[in-house]
Amino acid sequence: MKKTPSLALVLGTACTWGLMTETAVAVDDADFRFDTSSNLYEVCSVAPDAPEYVVANQACRAFIEASVQYHDEIADRKRMKQLICYPKTATIADGKAAFVSWASAHSGDKKLMAEQPVVGVVRALAAKYPCSK
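FYI, in mature numbering (1 follows the signal peptide of the UniProt record, and there is no 0) the residues of the sequence shown are -26 to -1, 1 to 107.
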């Protein structure tokens, strides 16, 4: 005899699917284009209680970490002047906080916030961790 799914199972599955698709829709690819410092600021500023926080936080942290790694490699290999001189104890969370603070303070400056996000990250971290002259 073939069993049919119970009403509770069908409704539970539908509700679960609805929650999963709602979360997927809340994080639109366009939100993560990172064309400008403003885009990065929006992603890095997602509230911890927002459904997209985990994805946004990881994207923000990854962008900042990659930017710093690139800066460090280029400055070291090409023997170029370092723009960021952070202490060994600095964390990615510190970098994120520095960028969010910098971007918040400059959010009204359309020219700065329209720059490439890597430029905004370097500006923010250079302000927080300047190199001695």
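The beta carbon of each residue, even a glycine, is placed where N, CA and C say it ideally should be.
Since the model is a prediction, treat every value here as computed from it, not as a measurement.
In this structure, how does DSSP classify residue i when only helix, strand and coil are distinguished?
| i | result |
| --- | --- |
| residue 157 | Here the chain covers residues -26 to 107 and nothing more, so residue 157 does not appear. |
| residue 7 | coil |
| residue 105 | coil |
| residue 46 | helix |
| residue 21 | coil |
| residue 60 | coil |
| residue 26 | coil |
Comparing alpha-carbon positions, which option in the options lies nearest residue i?
| i | options | result |
| --- | --- | --- |
| residue 32 | 14, 47 and 48 | 14 |
| residue 35 | 66, 105 and 49 | 66 |
| residue 104 | 91, 28 and 55 | 55 |
| residue 62 | 77, 46 and 24 | 46 |
Hey, could you find the ends of the alpha helix (DSSP H) residue i is sitting in?
| i | result |
| --- | --- |
| residue 102 | 91 to 102 |
| residue 74 | 66 to 79 |
| residue 84 | 84 to 87 |
Taking the CB atoms as reference points, tell me whether residue i and residue j lie closer together than 7 Å.
| i | j | result |
| --- | --- | --- |
| residue 38 | residue 95 | yes |
| residue 52 | residue 72 | no |
| residue 70 | residue 18 | yes |
| residue 30 | residue 42 | no |
| residue 58 | residue 98 | no |
| residue 64 | residue 10 | no |
| residue 91 | residue 8 | yes |
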